[in-house]
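The sequence shown maps to residues 55 to 304 in my numbering.
Note sheet for the following structure.
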Amino acid sequence: MKAAVIVLFPKYLECAFEYAPLKKAVEGGKLEVRFFSPIDFASGPKDVEDYQYGGGNGMLLKVDCVAKAILKAKEWLPGAPVLLLSPAGKPLRQDTVIELSHLPSLILVGGHYKGIDARILDLVDMEISIGDFVVSSGELAALVLLDAVVRLIPGVLTHRRSAETDSLHSGLLEPPLYTRPRKYKDREVPNVLLSGHHGKVERWRREYALKRTLLFRPDLLQNEDLTSEDREILSQMVETLNKLLDNSAE
């Protein structure tokens, strides 16, 4: 994959490329990244920003210098979609990350200050939001998206299956996970995970993935392709929860 990252301060991201998975992706030839800063297309660092027409608090990145950065990136990656990191964008979900990981190239645009002059949208193919919160710079948002996408490229992670079993990748949250020591204070690893019976282990993990998702992210179950066994597990859990609620109300 080739990725052009358009942000005000590319050096902000340099440390991330000193560690896996981004470092491994670059060194292994799975990822080529070029940074483009709007500052390089302005007469000076202060000339990338200006006050808003109509008044209001906060400075905006000017459309001309950001547009020049995008057009320069498109010279390198002429067929790449331009993705703007924005609170107004489509919420970033794992299914979108999976789709993007199959693309040969991407152009990511991160804003700064109050944002970017709205006319930049003429050059944007999609707006993406990393969540219902605000961070101080588009560098952070671009890094989140880039990391999420790159780790899914075959050969980047040592264990590909690890990414495929992460929370949300399959639509559910992960079940509880354990490692050594077998006993920590008064808590022990569930016996089924020590049984060596792969079928029982997989059933236990599926059951607890369903239970955790029902408890913490029930919205995810709406789009999940549930088997009759899955539905039975969820029905039993709902029945148990109702009984607990009834008992506590007495």
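We put the beta carbon where it would ideally sit given N, CA and C, even for glycine.
Counted within 10 angstroms of its Cβ, other Cβ atoms place P229 as buried (16 or more) or exposed: The residue is buried, with at least 16 neighbouring Cβ atoms inside 10 Å.
D149 - DSSP class collapsed to helix/strand/coil: Three-state result, D149: helix.
In the DSSP assignment, find the alpha helix (DSSP H) that holds M113 and state where it starts and stops. In this chain, M113 is not harboured by any alpha helix (DSSP H); it is covered by the beta strand (DSSP E) spanning 113 to 115.
Report the residue from V163, Q106, L274, L298 whose alpha carbon sits nearest the alpha carbon of R88. Of the candidates V163, Q106, L274, L298, the residue whose Cα lies closest to the Cα of R88 is V163.
Around the C-beta of G82, are 16 or more other C-beta atoms found within 10 angstroms, so that it is buried, or is it exposed? The Cβ neighbour count for G82, taken over all protein chains shown within 10 Å, is under 16; the residue is labelled exposed.
Buried/exposed call for G112, threshold 16 Cβ in 10 Å: Burial call: exposed.
Got a sec, what are the start and stop residues for the alpha helix (DSSP H) E256 sits in? That run of the alpha helix (DSSP H) goes 252 to 270.
Strand pairing of I161, partner residues [DSSP]: For I161, which the question treats as bridged, DSSP gives the partners A58, V136.
Indicate whether L131 and V204 have their beta-carbon atoms separated by less than 7 Å. Result no, Cβ atoms of L131 and V204 do not sit closer than 7 Å.
Can you name, in chain order, every residue of its own chain whose Cβ lies under 7 Å from the Cβ of K310, other than the five neighbours on each side? Within the shown structure, residues of the chain are numbered from 55 to 304, placing residue 310 beyond reach of any answer.
Please confirm whether V80 and E193 have their CB atoms less than 7 Å apart. With contacts defined by Cβ atoms closer than 7 Å, V80 and E193 do not form a contacting pair.
Taking Cβ positions, are L146 and I182 nearer each other than 7 Å? Closer than 7 Å, so yes.
Beta-carbon within less than 7 Å of L309's beta-carbon, same chain only, minus the 5 sequence neighbours each way: which residues are those? Lying before the first or after the last residue shown, residue 309 is absent from the chain, which here runs from 55 to 304.
Cβ-Cβ separation, L199 to L139 (assumed contact under 8 Å), whole Å: With a Cβ gap of about 7 Å, L139 and L199 count as contacting.
Which first and last residues belong to the beta strand (DSSP E) in which R88 is found? DSSP places R88 inside the beta strand (DSSP E), whose first and last residues are 86 to 90.
Roughly how many whole angstroms lie between the Cα atoms of R241 and N277? C-alpha of R241 to C-alpha of N277: approximately 34 Å in a straight line.
Given a threshold of 16 other Cβ atoms within 10 Å of its Cβ, counted over all protein chains shown, does M180 qualify as buried or as exposed? M180 comes out exposed.
Residue span of the alpha helix (DSSP H) that contains S282, given as start and end: Run containing S282: 282 to 303, per the alpha helix (DSSP H) assignment.
For L295, collect the residues of the same chain with a Cβ closer than 8 Å to its Cβ; drop the 5 residues on either side in sequence, then sort them by chain order. The answer is none, since no qualifying residue turns up.
Name the residue from Y73, K77, K122, G108 whose alpha carbon lies nearest to the alpha carbon of I93. Nearest C-alpha to I93: K122.
I need the straight-line Cα distance from A195 to K168, nearest angstrom please. Between A195 and K168, the alpha-carbon positions lie close to 14 Å from each other.
Could you check what DSSP says for I174 in three-state terms: helix, strand or coil? I174 carries a helical assignment under DSSP once its states are collapsed to helix, strand and coil.
Looking at the structure shown, is I124 part of a helix, part of a strand, or coil, going by DSSP? In the structure shown, I124 sits in a helix (DSSP, three-state: H, G or I).
Which of helix, strand or coil does DSSP assign to S249? In the structure shown, S249 sits in coil (DSSP, three-state: anything other than H, G, I, E or B).
In the DSSP assignment, what residue or residues form a beta bridge with D179? DSSP lists no partner for D179.
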